[in-house]
Amino acid sequence: MNAAINLRRIGLPRLIVHLSVLLICILWLIPTIGILVTSLREPGQIASSGWWTAFTGAAETSAARLGEPSTARQDGPNFVISGSVFDGSQEGAKKGAVRAFGTKVAAPTEFTAGNPADIGDGETLTVNEDGSYVYSKNAPFSDKRGKRVYLSIAQPASFTLDNYRTVLTSQGIGQAFVNSLTVAIPATIIPILISAFAAYALSWMHFPGRAIIIAVVVGLIVVPLQMSLIPLLKMYNEIGAFFGIASRSYVGIWLAHAAFGMPLAIYLLRNYIAGLPKEVIESARVDGASDFEIFVRIVLPLSFPALASFSIFQFLWTWNDLLVAMVFLGTGKDQLVLTGALNALLGSMGGKWEILTASAFITIIVPIIVFFALQRYLVRGLLAGSVKGG
Amino acid sequence: MASQIISAFGAVITGVFACAIYYWLSDKLLQIILPVRSGDVRRISANLKTQAAIRPWLFLGPALLLMIVYLVYPVIATFILSFYDRSGGNFVGLANYKWAATDAQFRQSIFNNILWLAVVPAACTFFGLVIAVLTDRIWWGNIAKSLIFMPMAISFVGASVIWKFIYEYRGADGTQIGLLNAIVQFFGGDPQVWIAMPIWNNFFLMVILIWIQTGFAMVILSAALRGIPEETIEAAVIDGANGWQIFWKIMVPQIWGTIAVVWTTITILVLKVFDIVLTMTNGQWNTMVLANLMFDWMFRGGGDSGRSAIIALIIMAAVTPIMIWNIRQASEDRGGH
Amino acid sequence: QELKFPPGEDAKFNWKSFEDFKAAHADIKGQSLTLFGPWRGEDEVLFNSVLAYFNAATGVNGKYSSSENYEQQIVIDTQAGSPPNIAIIPQPGLLADLSTKGFLTPLGQENADWVKTNYGSGEDWIRYGTYKGKDGEEGYFGFPFKADLKSMVWYVPENFEEAGYEVPKTMEDLLKLTDQIVEDGGVPWCIGLGSGGATGWPATDWVEDMMLRTQTPETYDKWVSNEVKFDDPAVVGAIDEFGKFAKNEKYVAGGVAAVASTDFRDSPKGLFDIPPKCYLHHQASFVPSFFPPDKELGVDADFFYMPTYASKPELGTPVLGAGTFFAITKDSPASKAFIEFLKTPIAHEVWMAQASFLTPYKGVNLHAYANDVLKKQGELLTNATTFRFDASDQMPGKIGAGAFWTGMIDYVGGKDAKTAAGEIQKAWDGLK
Amino acid sequence: MTGVTLKEIRKSYGQVKVLHGIDLEIEQGEFIVFVGPSGCGKSTLLRMIAGLETVTSGQMSIDGEVVNEVPPSRRGIAMVFQSYALYPHMTVYDNMAFGMRIARESKTEIDRRVRAAADTLQLTPYLDRLPKALSGGQRQRVAIGRAICRNPKVFLFDEPLSNLDAALRVATRIEIARLKEKLADTTMIYVTHDQVEAMTLADRIVVLSAGKIEQVGPPLELYERPANLFVARFIGSPAMNILPVTIGEPGAEASVSLKGGKSARVPIAVPTADKGKPANLGVRPEDLEISTGDDYLVEGRVLLVEALGEVTLLYLEGGAGEEPIVVKLPGTSDVSKGDIVRLKAAPEKLHLFNTEGRTYRI
Amino acid sequence: MTGVTLKEIRKSYGQVKVLHGIDLEIEQGEFIVFVGPSGCGKSTLLRMIAGLETVTSGQMSIDGEVVNEVPPSRRGIAMVFQSYALYPHMTVYDNMAFGMRIARESKTEIDRRVRAAADTLQLTPYLDRLPKALSGGQRQRVAIGRAICRNPKVFLFDEPLSNLDAALRVATRIEIARLKEKLADTTMIYVTHDQVEAMTLADRIVVLSAGKIEQVGPPLELYERPANLFVARFIGSPAMNILPVTIGEPGAEASVSLKGGKSARVPIAVPTADKGKPANLGVRPEDLEISTGDDYLVEGRVLLVEALGEVTLLYLEGGAGEEPIVVKLPGTSDVSKGDIVRLKAAPEKLHLFNTEGRTYRI
Ligand SMILES: Nc1ncnc2c1ncn2[C@@H]1O[C@H](COP(=O)(O)OP(=O)(O)OP(=O)(O)O)[C@@H](O)[C@H]1O
Ligand SMILES: Nc1ncnc2c1ncn2[C@@H]1O[C@H](COP(=O)(O)OP(=O)(O)OP(=O)(O)O)[C@@H](O)[C@H]1O
Ligand SMILES: [Mg+2]
Ligand SMILES: [Mg+2]
């Protein structure tokens, strides 16, 4: 039972609630659907028509070239070229039903398909819906190349998985995926472990300076991380040089991610852990458990919802991170994380919408799985300590 | 590939294990140095006392160490840098501070940041609350919640890309590929260059962050709402309050503490997030915010560490009052154990 | 790595240079070399194909990497003391910055001399690679490799043909053609300044081209060094020249409002729309990669040199360009060897033969260019009387990649040239 | 004129039937207490009267008007919850004024009524405090005050005292008793499972069990003449001792024989048909005395002695039943653990129930 | 041999002094109950014995050994908390085994002790359940079981029953009484503010008030011979009636005069020095009877009658004091509201306290 159930009795018609939630969900989903659809479209179409038109199919104008004058037959006084606009046209007009055609780029839909059109100079052109055409002239054709015509072709809705194929089969993506996991999993678990210990100490142990440490931790939440990159990397390099080891390693990035997420983790976990019932912990103390045992055997299992909630956030952040990974792990092919690898596909100037959107979807998948796996803890876990009775 | 996975798996295990082993070993060590299992009670008691004095620091140690190295030290370094010139080599006194006081772009950023701070946390909290209340009342509420939470899983850059497809502008005669303009045009309006509209463009950028963060607010507030005693609501029903009144006068005041936490968290996020502005406008059309300005001064064209340090300090200073208030709130709430 | 073109097989390549290089650098086998640069996507593939020849010749393990956060990354890496061996830098401004902070290893006079003699407008190229080091001494730091040509206007030949337009030879003609297209009911120009985090930069190319067409190269250089102020009438005039095109509702597709917000990558697509959104597009040599995939260069799309004013013959045929510089950020024999490698024709030809690569190196076989359009560009580059490097890339980062962009966005958005330029100058003053 | 009328009220939650047809007439001004074991449906019934739960079937009227579809705020009721349900963010004053503010009463009227209620309940000094700064008893008084301010026709209480400690419970109980006199015209319906409350406050008690009414009547009637075994065991603390017997001689004054072999005369009429049938003899702990002679009913070994000063409780085993027999002796007693004692009771204090649990008394 | 000895135990939280020097000797095997009003320091004292709070000053020994500095787990104590404090993520078995596992006991030993405790408390069927699947009473039993498993020398209970409902409270109370017998050697210290628990369970009761011991003694002694007014009022429910009097004739059998003019003889010695001084006459509600003659103590109008069946409570005003006088009459009574009744009491049931509240009885 929850409070909101009571609202129902108040009489706000339930239908309105359903409708408004539906509306909100749709509003919230539209952007995501937008990229999903975009990622399934062909690159050429993305920039030329809105993604929402992808379902309906669209009339697309394209150019085609008629047969070479050399293929003309003489038919009475006329010279005739015939064939299909879809044949061997190097313009690559996609097949579909021709709706209209024209001979001037400025007026590509001047004539409707199927009707003979008088295009001057004694020439007539008929393009049928199926693409077959008859082009005749009352004199021999004189142009060197085949005539260009412009067609309005109705195209059925078409989608392609090519973008995903491109992304998924690109070199090193599997490695990058593994790298991403190698970074993200410890970078999620380590800070949680460390901050849970710290949060326990800050809520259940007595020692001088506790209040100050809490205040400092909370204050550190706001440190902009860009600021710390240079001094830290410098330090890594010095350490690396001193011990003669690589300065860029997984350990380095784990610790960096752990540290950057630490203040928020401690803040959230302390909220929760401090809210655990005092008697349970005292009872364990009477049972002879040391603080270490209390933490491991009582507090840790009881804080699972909070830990799960925070791990979602920490995971999302490490998974989606690019900057920290590039700086602390490096940019070599074998060091790239997924975000980096996908990024490399974009080209120096960017602008590959189809790749961008497909990669966005691919990167979403893992966080979404994590989210759904831990979601049931999220609802009650997060900050549950700050909620009475929660 | 298989070997990669194995070595990655090995790394993951070792990393996590090494971290866990520290706590385990340090505790073991403590037990060995100060034995408490057997021996004279007086001795044991003394040992336990010493243990109790040492143990908090063992627990806190790694966290403190990490934070000092990764956060405190850079903050101090930043503070020192703020008195040096762009290369960090020459002491320039308060010159950077003077610059900040007079720079127009800096002022613009502060103004925009205030806008962001006024709008985004409020909007996220408000929408989060409304959605939490509504979704709690329907059977498919959890599905709805998941959908609304989903943008959290998208990186900021990814999200910005998504929204580009919404704000995209094509001239009035062309076909719009931006949804917003398509809608405007459908209803007979003139398409607009949303991200270039003075002042308003800030709001269009904020929408993106709101879109992402509302899920976060929703999840937390929904948990808080469940904590409201049902009877207070029934009492209000009997007192004749309608849904609206119950929401505003009974439910919201009771979860005020949680609202404050959500608000604070999002406020901090707003101050730190710069990816959205960077990808959408890079601060053009007067959309610059502090985080971007800092980023700009830090990296563009070789960087100016002094000025970027100033901006970083300002960002931190801006949040301090909020954090102090929050700490007060927290210690009031639970009085400490 | 496989070599794209098997050595010795195709006569258009200068295989001898490859073999010579191989013979001269057998001693560094097994060393490793890291290169960090701005190229991603196809460019990365192409560069790697060049690198493969170096690796094959020397047995060095050369690795190239790149990043979206390229600019931050190089700042962070150099300052933190873990730079790559070679940094590939497209902005002289950044190069200058790194050299003054002492992060670059000088390449020495012999390299400078080599460039001077072997590159078209070699002196200009040296200038863009020469900066003060940490000690205040001038040194030669950046080896140019891969150039971009900016003074180009792209068009669709068949559209021109159909409408009966001629490629303009002078700026006056270009303006006339512009009006003609409007008269015919079309829209002449596609201009897009959008570029996410770098929005505004395409406008700087316009302004620079206009500077070179209205002012002497010396004024241009002074502008770069801010001896000529940004709000100097010379500069304001050039901005207004750009405004003639960009701020005329009838001249630009989508109207003036679209200029600043249209992405520069989407903007050229208007040329190929049916009916065409526009007939002309001013953009650098890289732009064909944003054409629809089925467009064949030279047939479906072509370019002409952004013409000069017939009324100002004394300015000659200035060419605006850009390029990338290879700088040694961590010295090693392999690094040095790589710079040597860049002096071999084969290093250039391998890329030339594939796509989107121009070089001012006079020693390459022009037939190696993948198509005529590229070749035409290459000739333009080698034959230029004046070559000027993109000004915004040489200005301090906060100006060339900041205030200048913002100023141009503001200008297109409605501010007058004088005010916009004034603000840029103010920002510049703020840096001093 | 009736206060509240319930006709065949039924309630189901989905498949689960919770109330199986409740018929009850409550007079205006009456104080009715619902008692019954946990889960029997007391709260549900009360909440249905309040309008917080819908009525599945049946008809409910308040003040002569059918209210099945009337929202809570229009029923002229006020409710006091077990958990106080104060608005934690409002002062005492605001808590009491909330309903009237919602109803857009004038400021002066609100003030008058709040102050009057506060006066009655001695809450005037606390009007500006927040609930968290009040003790449990004061909180409950505020909840009552809030209800009073509504000027209800029907006053509903759902276990209002069960969160209070013993001393406060007594004090607040007396408070409610006073209130009952003061608001003599207001119908009050009170749910509890505390006997003392039920006995002391009620005009009539309604004993519910598993969604059915077991007995309705004034407290002493329930105590003295329970209609069935359930009510007999439910009313009175410690509960009535039940001894299995067989009917010996039926008739106007029946005789029954106990397991131990003893038999007793009971001044209760038993139909002849029941001769020889098993039955249950009920006797309250306070009605048992220690017998020194032979006229005892049962005999048993003392398991436990609880001396409470004023009374002493003995728990005996080895009686006829399996549960220990409880005896309540006035004052202190010198019986100690392990003693064998014999117990007797005045015949008129005995109760007799048939195998279905119904009383033999008329 | 003593179980627990407290010498001059004091406790302050910062500036706030909570306990002001507690001296107490508890014998091994004794069942001691701490009672007192809320906030008087009962829990604090108990938690100090447990080692959960530090001792500010004074000496505390358990089993002859000073334990001021000894941690809880080494004191040989076990504690049962009001809120059960079970480990919610462990089964009943694991809850009980936890302490022994921490102490590295052998598996078989653990199993033996857990099963023994579960047997004692009838928890065997629930050993595999999680606490959330248990009822309140079962949970409390698990908490007790967990304590038993520790084989403690001293067993500490902090209001273990106050979260249970009335019926369960009675049942669990009896359970604890049984336990007390079973573990005759174990010292038990029990905090409550429920009188019945205190009276029924305690060997000796310690009455605390504001951080001081008011009286220590067996339950009936406290009931019959309260050392002072505080104890007198605190023990017994309803509380003792206190009537202000003045000492008339001091001596071995003093005479006092009441406000109403009546005077009474009290078989209590009063020093002559106190002649004419005001004093307080105490009489328990159950010791008052209705007097038909003239030998009454006080007279008053009936404010309220509470008929509980077994007893009837009368509340009288207009007596000598300001608080209503409470009378507890056995059975039912025909006195009704508004009647004027006269009350008498046997002289030996009277208590007399001086102005400082100390009893005159030796
Ligand atoms: N919302 C509900 N859905 C399903 N069953 C319910 C619901 N509310 C109550 N019940 C069931 O209805 C029955 C009656 O509940 P009710 O709360 O009226 O009991 P009660 O007599 O008040 O008990 P208590 O003395 O414990 O308060 C119980 O068996 C309960 O489980
Ligand atoms: N941690 C603390 N800091 C300050 N004062 C405290 C603390 N714990 C208890 N007190 C104070 O000490 C006094 C005694 O508290 P204690 O809990 O022992 O009372 P109690 O007799 O157990 O009351 P109750 O019956 O309500 O449990 C109270 O006034 C309380 O406010
Ligand atoms: Mg109930
Ligand atoms: Mg207590």
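Protein chains in written order, with the numbering used here: chain P, 345 to 734; chain L, 39 to 375; chain X, -13 to 418; chain D, 8 to 369; chain S, 8 to 369. Where is the CB? At the ideal position from N, CA and C, for every residue including glycine. Quantities reported herein were computed from a predicted structural model and do not represent experimental measurements.
Asked: So, at 7 angstroms on beta carbons, what are the nonlocal neighbours of E435(P) in its own chain, with the 5 sequence-adjacent residues on each side left out?; Found: Caution applies to E435(P), whose pLDDT of 45 falls short of 50 and renders its modelled position unreliable; the value that the coordinates give is listed next. Once the five neighbours on either side are set aside, the close Cβ partners of E435(P) are S406, A407, A408 and R409.
Asked: Quick check: the Cα distance between A224(X) and E169(X), rounded to an integer number of angstroms?; Found: 26 angstroms
Asked: With 9 angstroms as the C-beta to C-beta threshold (strictly closer), list the residues of the stretch 541 to 557 of chain P near chain L in chain order.; Found: F541, A542, A543, Y544, A545, L546, S547, W548, M549, H550, F551, R554, A555 and I557
Asked: Can you name, in chain order, every residue of its own chain whose Cβ lies under 6 angstroms from the Cβ of N346(P), other than the five neighbours on each side?; Found: Confidence is the limiting factor: at N346(P) the pLDDT is only 48, short of 50, which leaves the residue's position unreliable and the question unanswerable from this model.
Asked: Could you compute how far the alpha carbon of Y135(L) sits from the alpha carbon of W335(L)?; Found: 14 angstroms
Asked: Just the chain P side, please: which residues come within less than 8 angstroms of F117(L) by C-beta, in chain order?; Found: What F117(L) touches in chain P: nothing, since even the nearest Cβ is about 10 angstroms away.
Asked: Which residues neighbour ligand 1 when neighbourhood means a C-beta less than 6 angstroms away from any of its non-hydrogen atoms? List them by chain order.; Found: Y20(D), V23(D), V25(D), G43(D), S45(D), G46(D), C47(D), G48(D), K49(D), S50(D), T51(D) and H200(D)
Asked: Check whether the stretch 163 to 182 of chain X touches the stretch 251 to 266 of chain X, counting contact only when three or more Cβ pairs, one atom from each stretch, lie closer than 8 angstroms.; Found: yes
Asked: What distance in whole Å lies between the Cβ atoms of S298(S) and L350(S), which are believed to be in contact at a cut-off of 8 angstroms?; Found: 6 angstroms
Asked: Which partner residues of E296(D) appear in the DSSP bridge assignment?; Found: K351(D)
Asked: Could you give the distance in angstroms between the alpha-carbon of F423(P) and the alpha-carbon of G466(P)?; Found: 11 angstroms
Asked: Looking at I271(L) and I250(L), is the spacing between their C-beta atoms short of 7 angstroms?; Found: no
Asked: So Q679(P) contacts chain L; which residues on that side make the cut at Cβ distance below 9 angstroms?; Found: Residues of chain L passing the Cβ test: none, with the nearest at roughly 12 angstroms.
Asked: So which of N145(X), E54(X) and K132(X) has the shortest CA-CA distance to K339(P)?; Found: What the structure shows of chain P is the stretch from 345 to 734, and residue 339(P) is not part of that stretch, so it cannot be assessed.
Asked: Give the residues of chain L in contact with N507(P), contact being defined as C-beta atoms less than 9 angstroms apart.; Found: Neighbours of N507(P) on chain L: none; closest Cβ ~14 angstroms, over 9 angstroms.
Asked: Given that a residue counts as buried once 16 or more other Cβ atoms are within 10 Å of its Cβ, and exposed if not, what is D277(L)?; Found: buried
Asked: Can you pull out the residues from the stretch 306 to 337 of chain X whose beta carbon lies closer than 7 angstroms to at least one beta carbon of chain P?; Found: none
Asked: Answer yes or no: does any C-beta atom of chain D fall closer than 7 angstroms to that of P291(L)?; Found: yes
Asked: Is the beta carbon of E412(P) closer than 7 angstroms to that of G464(P)?; Found: no
Asked: List, in chain order, every chain X residue whose beta-carbon is nearer than 9 angstroms to that of Y494(P).; Found: I260 and P261
Asked: F375(X): buried (16+ other C-beta within 10 angstroms of its C-beta) or exposed?; Found: buried
Asked: Could you check the C-alpha separation between E96(X) and D487(P) for me, to the nearest Å?; Found: 57 angstroms
Asked: At 3 residues or longer, what runs of the beta strand (DSSP E) sit wholly inside the stretch 257 to 286 of chain S?; Found: 261 to 265 and 270 to 273
Asked: Report the option in L171(D), N102(D), L168(D) and A184(D) whose CA atom is closest to the CA atom of L137(D).; Found: N102(D)
Asked: Taking three-plus beta-carbon pairs below 8 angstroms as touching, is the stretch 16 to 32 of chain D in contact with the stretch 278 to 288 of chain X?; Found: no
Asked: Please report whether the beta-carbon of S83(L) lies at a distance below 7 angstroms from any beta-carbon of chain S.; Found: yes
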